[in-house]
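Report on one structure; see the data block that follows.
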Amino acid sequence: MTSKTLKRTIAIGVFVISLATYVVTLPPTLVFWDVGEFMAAAYLLQVPHPPGAPLFLLVAKVFSMVPFAADIAVRMHFISALTSAFTVMFLFLISVRLIALWRGSPESRDDEIVVYGSSAIGALILAYSKTFWFNAVEAEVYGFSMFLVSSVIWLALRWYERGHGKQSDAYLILIAYLMGLAVGVHLLAILALFPVMLLVYFRTYEFSLKSFLRFGVVALVIFAVVYPGVVKILPSMLDGEIAGKRSELFTYIPIAAILGALYGVYYSVREKKRLLNIAMLSFLMIVIGYSTYTMVFIRANAKPPMNENDPSTMGKLVSYLNREQYGQAPLIDRRWNMSEPEQAEAMSRYRSDLDFFLSYQMNHMYFRYFGWNFIGAAGDYKEAGVKWTLWGIPLLLGLFGAYYHWRKDKKMAFLTTSTFLLLGVVLVMYFNMQEPQPRERDYFYVGSFFIFSLWAGFGVLGLIELLKEKAGEVASRPAAAYGVLAMALLLAPINMVRVNYEEADRSGNYLPWDYSYNLLQSCEQDAILFTNGDNDTFPLWYLQDVEGIRRDIRIVNLSLLNTPWYIDQLKNQMPHGAKKVPISRSDAQIKNIQLVAYEPQTLDLPVPKELLETYRITDTAVVKKGAISFLMPHTLDFGNVKGLRVQDIMVLDIIFTTKWQRPIYFAMTVADDGKIGLKDYLEMQGMAFKLIPKKSRTFWESMDAQRTYEHLFTDVQEISATPRPGFLWRGLQAEDVYLDEDARRLLMNYRQTFFALGYYYANVDGQPARFSEVLDRMDQVIPRSLHPIPAGLKYDIASFYSVSGDTAKRNELLNELVAQFLPRVEEEIRYDLERENPYILLMQTYEMLEDYDAAERVLETIRRVYANEPGLKEFVDDKKAQWNVRKALPKNIPLKP
Numbered sequence: 002m003t004s005k006t007l008k009r010t011i012a013i014g015v016f017v018i019s020l021a022t023y024v025v026t027l028p029p030t031l032v033f034w035d036v037g038e039f040m041a042a043a044y045l046l047q048v049p050h051p052p053g054a055p056l057f058l059l060v061a062k063v064f065s066m067v068p069f070a071a072d073i074a075v076r077m078h079f080i081s082a083l084t085s086a087f088t089v090m091f092l093f094l095i096s097v098r099l100i101a102l103w104r105g106s107p108e109s110r111d112d113e114i115v116v117y118g119s120s121a122i123g124a125l126i127l128a129y130s131k132t133f134w135f136n137a138v139e140a141e142v143y144g145f146s147m148f149l150v151s152s153v154i155w156l157a158l159r160w161y162e163r164g165h166g167k168q169s170d171a172y173l174i175l176i177a178y179l180m181g182l183a184v185g186v187h188l189l190a191i192l193a194l195f196p197v198m199l200l201v202y203f204r205t206y207e208f209s210l211k212s213f214l215r216f217g218v219v220a221l222v223i224f225a226v227v228y229p230g231v232v233k234i235l236p237s238m239l240d241g242e243i244a245g246k247r248s249e250l251f252t253y254i255p256i257a258a259i260l261g262a263l264y265g266v267y268y269s270v271r272e273k274k275r276l277l278n279i280a281m282l283s284f285l286m287i288v289i290g291y292s293t294y295t296m297v298f299i300r301a302n303a304k305p306p307m308n309e310n311d312p313s314t315m316g317k318l319v320s321y322l323n324r325e326q327y328g329q330a331p332l333i334d335r336r337w338n339m340s341e342p343e344q345a346e347a348m349s350r351y352r353s354d355l356d357f358f359l360s361y362q363m364n365h366m367y368f369r370y371f372g373w374n375f376i377g378a379a380g381d382y383k384e385a386g387v388k389w390t391l392w393g394i395p396l397l398l399g400l401f402g403a404y405y406h407w408r409k410d411k412k413m414a415f416l417t418t419s420t421f422l423l424l425g426v427v428l429v430m431y432f433n434m435q436e437p438q439p440r441e442r443d444y445f446y447v448g449s450f451f452i453f454s455l456w457a458g459f460g461v462l463g464l465i466e467l468l469k470e471k472a473g474e475v476a477s478r479p480a481a482a483y484g485v486l487a488m489a490l491l492l493a494p495i496n497m498v499r500v501n502y503e504e505a506d507r508s509g510n511y512l513p514w515d516y517s518y519n520l521l522q523s524c525e526q527d528a529i530l531f532t533n534g535d536n537d538t539f540p541l542w543y544l545q546d547v548e549g550i551r552r553d554i555r556i557v558n559l560s561l562l563n564t565p566w567y568i569d570q571l572k573n574q575m576p577h578g579a580k581k582v583p584i585s586r587s588d589a590q591i592k593n594i595q596l597v598a599y600e601p602q603t604l605d606l607p608v609p610k611e612l613l614e615t616y617r618i619t620d621t622a623v624v625k626k627g628a629i630s631f632l633m634p635h636t637l638d639f640g641n642v643k644g645l646r647v648q649d650i651m652v653l654d655i656i657f658t659t660k661w662q663r664p665i666y667f668a669m670t671v672a673d674d675g676k677i678g679l680k681d682y683l684e685m686q687g688m689a690f691k692l693i694p695k696k697s698r699t700f701w702e703s704m705d706a707q708r709t710y711e712h713l714f715t716d717v718q719e720i721s722a723t724p725r726p727g728f729l730w731r732g733l734q735a736e737d738v739y740l741d742e743d744a745r746r747l748l749m750n751y752r753q754t755f756f757a758l759g760y761y762y763a764n765v766d767g768q769p770a771r772f773s774e775v776l777d778r779m780d781q782v783i784p785r786s787l788h789p790i791p792a793g794l795k796y797d798i799a800s801f802y803s804v805s806g807d808t809a810k811r812n813e814l815l816n817e818l819v820a821q822f823l824p825r826v827e828e829e830i831r832y833d834l835e836r837e838n839p840y841i842l843l844m845q846t847y848e849m850l851e852d853y854d855a856a857e858r859v860l861e862t863i864r865r866v867y868a869n870e871p872g873l874k875e876f877v878d879d880k881k882a883q884w885n886v887r888k889a890l891p892k893n894i895p896l897k898p
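141 is the number that our numbering gives to position 140 of the sequence shown; each next residue is one higher, with no gaps.
This is how it looks when you write it as structure tokens:
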């Protein structure tokens, strides 16, 4: 086997191993966050959130039509698995080429194994890093984007090796085309232009300060031509605008630029101007690659169900490309957004902008993510810190590899270091993220993790060569090198698989699909459903657009309801034939709608007489007025001025304009401030709250118990596209299915629904024994043995069983609490006095078990541990007095928990 064949074999091996891992850990269907939006957009070629990803959508559409998997979502997920595996392979190939630049080609088979083995280890470190693996198993743009970045760097190195010549120029032209295509996936990919231009500089010029500064200026100009030139300014000129000034003449500039470039190609060939030829062809290739964005314009004019920002004119397209909906973060001012009280409170914790930049933006929002990937994560929960679960081996290899690279090849080390900083620290400065963020943002920085994994491979090689230098003849033997490779493989990528596999494995996780189905089926025919954010909206769009589930329902996302284009679409369009959303405002009023000053006031919502009779409303004030009254609070504070958001205005408009002719629901995930003061008029039906004209004091008092019972207790035999009772619980009873924090949070919504139904039976319907039936069903479909319940909640469930008269189940739960907390209490460590305090919970547990002697022992421990706590003596004396009375009572007298 030749050296080239061995290299290709290992490259293919790295690719296959990575791809196999990703395929095995692919989710079986839909997942949360933007993935549902992208998949729905791809399936019907729709327009997702700005600035879009047209190339990704086109590729995903093609994959969705190839029946290699039964589930359409899996076909689209496979794009990320495939492109991520290619990225891993390209890292291996890039590593081999960079190593060859400082030490030449391998001279023997043992040398080949050392070089290729080290490079393969670096590639596998990337493959199994937390962030990269997560991106590789879902239909998002980041895996595809890194594939383009890695392929461009590899092509640039190929050009660098081959030097000047007409044939090598083809690499630069191809790179330009890929950069144009990359814009249609994710804008971050175009940052790969900088390492490409550095390679051109190093290949063409001898380093000097003067030449490097000149190169820097030229590089910035070239990048500016691409971004914002081609990406933003070119479309803006087609709209007749430059820098805020409008003229019809501007529309001819892009056409003239393209015609000029075409003539430049002809002229450069005729006059043999090689540099001009490369420049003109590269410009044209970038424009051709960027032309995937014509899909956004074309499809927006087709008015698909998802048409975010409606970029159907050049002006709207420019706004879409500029992401004007989200605003623009300044580059200098670090603490620039304090519009929400939560943000203002967070910003006040920092002494200065510099403190905020270093403490939050750099340390918390970059180095923490860096630590996750190369040191280890403390958990999968939001704001999780760093924990040494990977023993820091990938970190040490990467740091040593960076040092070793600088020692051996300063030019290429400068290239990798600048790329690492560009895709890490510079992006941190550019994004200027504010605290808090709705989700973790580690996926933005995977480019810098790519470079660090490259260094980790160099670190393995450096260790072997350093060992040869320092340890003499014994260490020079092949066995020693193979031993280092084996140890590095075991302690880095294999250990990373051990640590990260459980969280990365999303096979068997049907919760996003099932939760969305259950939410849709909670609603009646032709309902209007208000949703809160990404995870209770995008998956529902997917089910409607791709699976055809409950297309009669109009989903109204409260965040998007602040935008005129979305309100206009709700009012005027009928996606999949669904009814329009009743809105009283004219199109002109919608276009100019904005937040308003507002003082809280009581409003009357008219109710038809027959509806009052249906709900048996006996309140004479309501019957006489023919309306229900509710206090609509303000939702904005500007000093002494109160106000309403656009979404509040529109929720009110929709509810009043609907006039009870269609059912209106709020998803369980909608916060109280999104319900415009109507919280007391909401009836629980499954996983949603329906607006009714009957007021209740608590959420469990107002419940359609029959519908909720049917949903919770009916096992779905066949998925239905039309209204049908029954919920899905797939995968929740399997021991090997991992649920992340978002999924676990939604499980609590399920449990809250069960609790509410049990409360209703016990307190409203007068059937406390049925509480036990409901709790048993909850544990059947969501076993607590697989999905742990917080201790405080477990105690509450035990008390619910006590209410229902099922003491056996009550005692089972209480004994679990004893086993959980007794060892902690015996350690006599002081904990905060809160709901989950082990001393308090254990004492209450013994109290419910009527084991007062054990409860007193815990009380004595509390006395010792919390000796200086105010009011402790009174608390202890009071408890002892209560228990002495209870112990004196006959055992057959029932006691309330």
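In this text, a Cβ means the ideal position worked out from N, Cα and C, and glycines have one as well.
Item to check | Environment of T809 [buried if 16+ CB atoms lie within 10 Å] | outcome: Looking up residue 809 in the sequence shown gives position 808. Going by the sequence as given, residue 809 is Ala instead of Thr. So A809 counts as exposed.
Checklist entry - Skipping 5 residues on each side, what residues in its chain have a beta carbon closer than 6 angstroms to that of L464? => result Residue 464 sits at position 463 when you count from the first residue of the sequence shown. Counting only Cβ-Cβ distances below 6 angstroms, and skipping sequence neighbours, we find V485.
Checklist entry - Between L127, I568, N519 and N558, which lies nearest to R708 when the distance is taken from Cα to Cα? => result As a position in the sequence shown, residue 708 is number 707, starting the count at 1. When each option's Cα is compared against that of R708, the closest is N519.
Item to check | Length of the line joining the Cα atoms of K5 and I73 | outcome: Locating residue 5 in the sequence shown gives position 4, counting from the first residue. Locating residue 73 in the sequence shown gives position 72, counting from the first residue. Their backbone Cα atoms lie some 39 angstroms apart in a straight line.
Item to check | Span separating the alpha-carbon of R104 from that of G245 | outcome: Here residue 104 is taken as the residue at index 103 of the sequence shown, counted from 1. Here residue 245 is taken as the residue at index 244 of the sequence shown, counted from 1. The straight-line gap from Cα to Cα measures roughly 54 angstroms.
Next on the checklist: Can you check which of these residues, W884, D854, I841 and L850, is closest to L873 by C-alpha distance?
Outcome noted: By 1-based counting over the sequence shown, the position of residue 873 is 872. Cα-wise, what sits closest to L873 is I841.
Next on the checklist: Can you find the residues in the same chain that come closer than 6 angstroms, C-beta to C-beta, to K580, ignoring five residues on each side of it along the sequence?
Outcome noted: For the purposes of this step, residue 580 is taken as residue 579 along the sequence shown, with counting starting at 1. Taken in chain order, the residues that qualify are D527.
Checklist entry - CA-CA distance, T603 and F631? => result For the purposes of this step, residue 603 is identified with residue 602 of the sequence shown, where counting begins at 1. For the purposes of this step, residue 631 is identified with residue 630 of the sequence shown, where counting begins at 1. Computed Cα separation, rounded: 5 angstroms.
Next on the checklist: So, for F357: in the same chain, excluding its five sequence neighbours on each side, which residues have a beta-carbon less than 6 angstroms away from its beta-carbon?
Outcome noted: In the sequence shown, the residue the question calls residue 357 occupies position 356. Contacts found: R335, R336 and Y351.
Checklist entry - Quick one: is L250 buried, meaning 16 or more other Cβ sit within 10 Å of its Cβ, or exposed? => result What you label residue 250 is simply residue 249 of the sequence shown in a count that begins at 1. Answer is exposed; the Cβ neighbour count stays below 16.
Checklist entry - Over what stretch of residues does the beta strand (DSSP E) that includes T670 continue unbroken? => result Within the sequence shown, numbered from 1, the residue matching residue 670 stands at position 669. Where T670 is concerned, there is no enclosing beta strand (DSSP E), given that its DSSP letter is neither H nor E.
Item to check | Through-space distance from P607 to N593, alpha-carbon basis | outcome: Translated into the one-based positions of the sequence shown, residue 593 becomes position 592. Translated into the one-based positions of the sequence shown, residue 607 becomes position 606. Each residue's CA atom was taken as its position, placing N593 and P607 some 28 angstroms apart.
Checklist entry - Does DSSP put I11 in a helix, a strand or coil? => result Looking up residue 11 in the sequence shown gives position 10. Reduced to three states, the DSSP call for I11 is helix.
Checklist entry - What's the call for E343, buried or exposed, on a 16-neighbour Cβ count within 10 Å? => result Taking the first residue of the sequence shown as 1, we reach residue 343 at position 342. With fewer than 16 other Cβ atoms within 10 Å, it is exposed.
Item to check | Distance between G399 and L776 (C-alpha atoms, nearest Å) | outcome: The residue labelled residue 776 in the question sits at position 775 within the sequence shown. The residue labelled residue 399 in the question sits at position 398 within the sequence shown. Answer to the nearest angstrom: the Cα atoms are 51 angstroms apart.
Item to check | Meets three-Cβ-pair contact criterion under 8 angstroms: the stretch 282 to 300 and the stretch 226 to 234 | outcome: Yes, the stretch 282 to 300 is in contact with the stretch 226 to 234.
Checklist entry - Which word fits Y129, buried or exposed, when buried means at least 16 other C-beta atoms lie within 10 angstroms of its C-beta? => result Taking the first residue of the sequence shown as position 1, residue 129 is located at position 128. Buried is the call here.
Checklist entry - So which of P196, L189 and L188 has the shortest CA-CA distance to L173? => result As a working note, residue 173 is residue 172 in the sequence shown. Among P196, L189 and L188, the Cα nearest to that of L173 is on P196.
Next on the checklist: Just verifying my parser: in three-state terms, what is the DSSP assignment at T420?
Outcome noted: Along the sequence shown, read from residue 1 onward, the residue named residue 420 stands at position 419. Reduced to three states, the DSSP call for T420 is helix.
Next on the checklist: Relative to the C-alpha of H50, which candidate in V270, L748, S320 and Y202 has its C-alpha closest?
Outcome noted: In the sequence shown, the residue the question calls residue 50 occupies position 49. Nearest of V270, L748, S320 and Y202 to H50, Cα basis: S320.
Item to check | Neighbourhood of V738 by C-beta, 7 angstroms cutoff - its chain only, sequence neighbours within 5 removed | outcome: Walking along the sequence shown from the start, residue 738 turns up at place 737. Closer than 7 angstroms at Cβ, skipping near neighbours: G509, N510 and G732.
Checklist entry - If you run the structure through DSSP and keep just helix, strand and coil, what is E742? => result By 1-based counting over the sequence shown, the position of residue 742 is 741. Three-state DSSP puts E742 in a helix.
Item to check | Contact check, F981 vs K412, beta carbons under 8 angstroms | outcome: The structure shown does not extend to residue 981, since the chain is modelled only from 2 through 898, so no value can be given for it.
Checklist entry - Relative to the alpha-carbon of L102, which residue among S65, Q47, L158 and T84 has its alpha-carbon at the smallest distance? => result Locating residue 102 in the sequence shown gives position 101, where the first residue counts as 1. The shortest Cα separation from L102 among S65, Q47, L158 and T84 belongs to L158.
Next on the checklist: My parser needs the beta strand (DSSP E) runs of 3 or more residues fully inside the stretch 466 to 500; what are they?
Outcome noted: none
Checklist entry - Measuring CB to CB, does V116 end up less than 8 angstroms from V186? => result Mapped onto the sequence shown, residue 116 falls at position 115. Mapped onto the sequence shown, residue 186 falls at position 185. Their beta carbons are not under 8 angstroms apart, which means V116 does not touch V186 by this criterion.
Next on the checklist: Taking the beta carbon of T417 as the centre, do at least 16 other beta carbons fall within 10 Å, making it buried, or is it exposed?
Outcome noted: Within the sequence shown, numbered from 1, the residue matching residue 417 stands at position 416. Classification for T417: buried.
Checklist entry - Among R887, T314, V266 and Y361, which residue has its Cα nearest to the Cα of S237? => result Reading the sequence shown from its first residue, position 236 is the one you call residue 237. Looking at R887, T314, V266 and Y361, the one whose alpha-carbon comes closest to that of S237 is T314.
Checklist entry - With 16 other CB atoms within 10 Å as the buried threshold, where does R507 fall? => result Here residue 507 corresponds to residue number 506 of the sequence shown, with the count starting at 1. So R507 counts as buried.
Checklist entry - Which whole-angstrom value is the C-beta distance of P331 and E525, which I expect to be below 8 angstroms? => result Here residue 331 refers to the residue found at position 330 of the sequence shown. Here residue 525 refers to the residue found at position 524 of the sequence shown. Between E525 and P331 the Cβ distance is about 47 angstroms, and since that is not below 8 angstroms, they are no contact.
Checklist entry - Any idea if L814 is buried or exposed, counting beta-carbon neighbours within 10 angstroms, 16 or more meaning buried? => result Reading the sequence shown from its first residue, position 813 is the one you call residue 814. Buried, because 16 or more other Cβ atoms sit within 10 Å of the Cβ of L814.
Checklist entry - If you scan the stretch 677 to 737 from start to end, which runs of the beta strand (DSSP E) of 3 or more residues do you find wholly inside it? => result Those beta strand (DSSP E) runs which fall completely within the stretch 677 to 737 and span 3+ residues are 683 to 686 and 689 to 692.
Checklist entry - Would DSSP call A763 helix, strand or coil? => result The sequence position of residue 763 within the sequence shown is 762, counting from 1. It is helical.
Checklist entry - When DSSP labels each residue in this structure, what does G549 get in the three-state scheme? => result Walking along the sequence shown from the start, residue 549 turns up at place 548. In this structure, G549 counts as coil in the three-state DSSP scheme.
Checklist entry - Between which two residues does the alpha helix (DSSP H) containing D410 stretch? => result Here the question's residue 410 lines up with position 409 in the sequence shown. D410 -> no alpha helix (DSSP H), and no H or E assigned at all.
Checklist entry - Which residues bound the alpha helix (DSSP H) around Q570? => result Taking the first residue of the sequence shown as 1, we reach residue 570 at position 569. Q570 -> alpha helix (DSSP H) spans P565 to N573.
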